[in-house]
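In this note's numbering, the protein residues as written are 5 to 235.
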């Protein structure tokens, strides 16, 4: 049905153009041609809505708006979820929700290509230990993920000597490079960039927002290490 209607509209447009071509100047012809095409697109889009073809209707509606010079804003329900933010480190690609929850994929290391939710408990601890050496920023964020998924995991992790040693060292010292990784900024960032990155991370990972006191301490430590460089 829709193709037939579109065909008839196209035929009517061709006949009108053929009849009017001689006595209408090119500028006027172009303007009316765009109007007819725009209205035809809107009409076809309306028919597609009634048939349940919302995707095609949006496409034709956008075409009609372009032909008529109308700016059509994206509908609110069609916008990406603004409450989610992406956090990418060397080994992890995480999504942080507004409630502090994490999900994501492993993009490096022995579990590359896996989704965090598909990893078993033992695999999670192996990934944690691997992150401690290869991806300090990912190591910090992954601990927040574990706090949500496995409450009480830190007591279990005490049996992993490497993890315990890493946690002790992390709370007593931090290199400048690691500080940049924790804040997720490039080396040589300005003082204002350091402060802005610190504020943004605390807004997402503060204990009141579902983060941990340990992680907030690391973020503060990273800020202090880098700001001392500017003094």
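For every residue, glycine included, the Cβ atom is placed at its ideal position computed from N, Cα and C.
Going by alpha carbons, who is nearest to residue i out of the options?
i, options, result
"residue 226", "217, 194, 158 and 181", "181"
"residue 153", "48, 124 and 133", "124"
"residue 148", "228, 99 and 199", "99"
"residue 90", "126, 188, 118 and 127", "188"
"residue 221", "159, 156 and 178", "178"
"residue 157", "112, 200 and 126", "126"
"residue 228", "190, 47, 199 and 144", "199"
"residue 144", "54, 191, 223 and 193", "223"
Rounded to whole angstroms, how far is the Cβ of residue i from the Cβ of residue j, which I believe are closer than 8 Å?
i, j, result
"residue 120", "residue 139", "That pair is no contact at about 14 Å."
"residue 128", "residue 110", "That belief does not hold up - the Cβ atoms of residue 128 and residue 110 are roughly 11 Å apart, past 8 Å."
Are the CB atoms of residue i and residue j nearer to each other than 8 Å?
i, j, result
"residue 132", "residue 115", "no"
"residue 150", "residue 142", "no"
"residue 183", "residue 219", "no"
Taking all protein chains shown into account, decide if residue i is buried (16 or more other Cβ within 10 angstroms of its Cβ) or exposed.
i, result
"residue 203", "exposed"
"residue 93", "buried"
"residue 232", "exposed"
"residue 50", "exposed"
"residue 159", "exposed"
"residue 58", "exposed"
"residue 185", "buried"
"residue 11", "Confidence in residue 11 is poor, its pLDDT being 49 and thus under 50, which makes the residue's placement too unreliable to answer from."
Let me see if you follow: with CB-CB separation under 8 Å, is residue i close to chain B or not?
i, result
"residue 137", "The displayed structure is made up of one protein chain only, and chain B is not part of it."
Along the chain, which unbroken stretches of the alpha helix (DSSP H) at least 4 residues long are found entirely within the region 190–234?
195–209 and 217–233
In chain order, which alpha helix (DSSP H) runs of at least 4 residues are fully inside the region 118–148?
Fully enclosed alpha helix (DSSP H) runs of 4 or longer: 125–138.
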